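Have a look at the structure below, then the notes.
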Amino acid sequence: MSLLYEGKAKRIFSTEQPGVLRVEYKDEVTAGNGAKKDYIEGKGRLNNQITSRIFNFIKARGIESHFIEQTSETEQLVKSVDIIPLEVVVRNIAAGSITKRLGFEKGHEFESPLVEFFYKNDNLNDPLITEDHIQLLHLASEEDIELLKNAAKAINAVLVQLMDEMELRLVDFKIEFGRNKSGQIILADEISPDTCRIWDKYSDTNFDKDVYREDTGSIIETYQTFLNKLEEL
Ligand code: UDP
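Residue numbers (UniProt numbering): 1 to 233.
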């Protein structure tokens with residue numbers, strides 16, 4: 001089947017079934033909009049397994065996504081959607097860009113979960129974008145933005161509970177949404193240690209891509225430990 005799109009971490013193929021795509025998770029890792037890039041064998045398998053488990057977990061708790069099923073170690077089938085070019089970030093604890101942008105101390109706990117939007121545009125370096133900008137660029141209507149924020153908070157609540165059961169803290173994460181043929185907005189893309197910050201409940205250990213961004217450990221060992229915890233649930 002033909003390759004429709006190749007991104008930094010995944011390849012998307014058409015299938016014989018209309019409206020169904022095959023996603024292949026690649027053994028590649030990037031950080032800083034591709035400034036840092038490496039081939040790491042086994043990383044695709046881990047992210048595919050983790051994302052598949054998380055999508056199944058949230059589905060069981062009433063949150064639909066584009067995910068259909070995992071079909072091999074590195075592949076899954078998903079429903080075809082038009083991705084809305086927004087990165088929806090939810091933050092429970094300050095880390096990463098918000099510490100630099102607004103001066104929050106790393107580890108500061110927000111009173112309530114914070115939702116931010118970034119414009120998915122590599123040429124512009126994915127800038128933070130306001131709700132008015134989103135409407136001005138016709139990316140989403142006011143009602144759609146409200147829906148995205150509410151969906152992001154609902155997903156956060158389910159993920160926080162999942163991580164809590166694993167004795168972990170969900171610091172922040174990025175999700176993407178798409179529109180299906182009938183215009184309905186659904187969760188898409190992936191939820192994995194590539195797109196989340198996850199800290200141990202009782203120590204400074206983290207289980208996410210920061211080990212790669214900051215060169216503090218092995219991405220394979222880190223993601224494998226996270227997957228093991230997920231499988232133990
Ligand atoms: N994130 C992501 N893809 C991006 C940018 C951010 O998955 O292109 C995730 C990141 O892993 C973190 C959250 O979104 O869990 C918030 O990222 P932040 O804005 O702090 O940016 P960063 O410090 O990662 O550049």
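Backbone N, C-alpha and C fix where the C-beta goes; we use that ideal spot for every residue, glycine too. Remember, predicted model here, so these are calculated numbers, not experimental data.
According to DSSP, simplified to helix, strand and coil, what is residue i?
i: residue 51; result: helix
i: residue 40; result: coil
i: residue 312; result: Residue 312 lies beyond the range of the chain shown here (1 to 233); nothing can be said about it.
i: residue 161; result: helix
i: residue 202; result: coil
i: residue 156; result: helix
i: residue 190; result: coil
Between the Cα of residue i and the Cα atoms of the options, which residue gives the shortest distance?
i: residue 153; options: 58, 163, 113, 12; result: 113
i: residue 85; options: 79, 119, 50, 57; result: 119
i: residue 149; options: 111, 176, 98; result: 176
i: residue 213; options: 89, 11, 96; result: 96
i: residue 122; options: 34, 136, 171; result: 34
i: residue 8; options: 23, 16, 29; result: 29
i: residue 174; options: 126, 67, 135, 139; result: 126
i: residue 228; options: 81, 145, 163; result: 163
i: residue 83; options: 184, 231, 39; result: 184
i: residue 201; options: 232, 138, 161, 178; result: 161
i: residue 233; options: 157, 205, 204, 167; result: 167
Between residue i and the rest of its own chain, which residues show a CB-CB distance below 7 Å, the 5 nearest in sequence each way excluded?
i: residue 3; result: 11, 13
i: residue 295; result: With the chain running from 1 to 233 in the structure shown, residue 295 is simply not present.
For the putative contact between residue i and residue j, defined by C-beta atoms under 8 Å, what is the C-beta separation to the nearest angstrom?
i: residue 194; j: residue 181; result: Their Cβ separation, rounded to whole angstroms, is 28 Å, which puts residue 194 and residue 181 out of contact at 8 Å.
i: residue 56; j: residue 25; result: The pair is not a contact, with the Cβ atoms about 16 Å apart (cut-off 8 Å).
i: residue 135; j: residue 142; result: 6 Å
i: residue 66; j: residue 81; result: 5 Å
i: residue 98; j: residue 223; result: The Cβ separation is near 24 Å, so there is no contact.
i: residue 20; j: residue 79; result: 7 Å
i: residue 53; j: residue 230; result: 5 Å
Does the beta-carbon distance from residue i to residue j come in below 7 Å?
i: residue 115; j: residue 76; result: no
i: residue 93; j: residue 111; result: no
i: residue 145; j: residue 131; result: yes
i: residue 219; j: residue 211; result: yes
i: residue 87; j: residue 186; result: no
i: residue 199; j: residue 179; result: no
Using a Cβ-Cβ cutoff of less than 6 Å, which residues in the same chain neighbour residue i once the five nearest sequence positions on both sides are dropped?
i: residue 44; result: 25, 26, 27, 74
i: residue 197; result: 95, 171, 172, 208
Closer than 8 Å by C-beta to residue i: which residues in its own chain qualify, once you throw out the five before and the five after it? Chain order, please.
i: residue 225; result: 207
i: residue 68; result: 20, 76, 77, 78, 79
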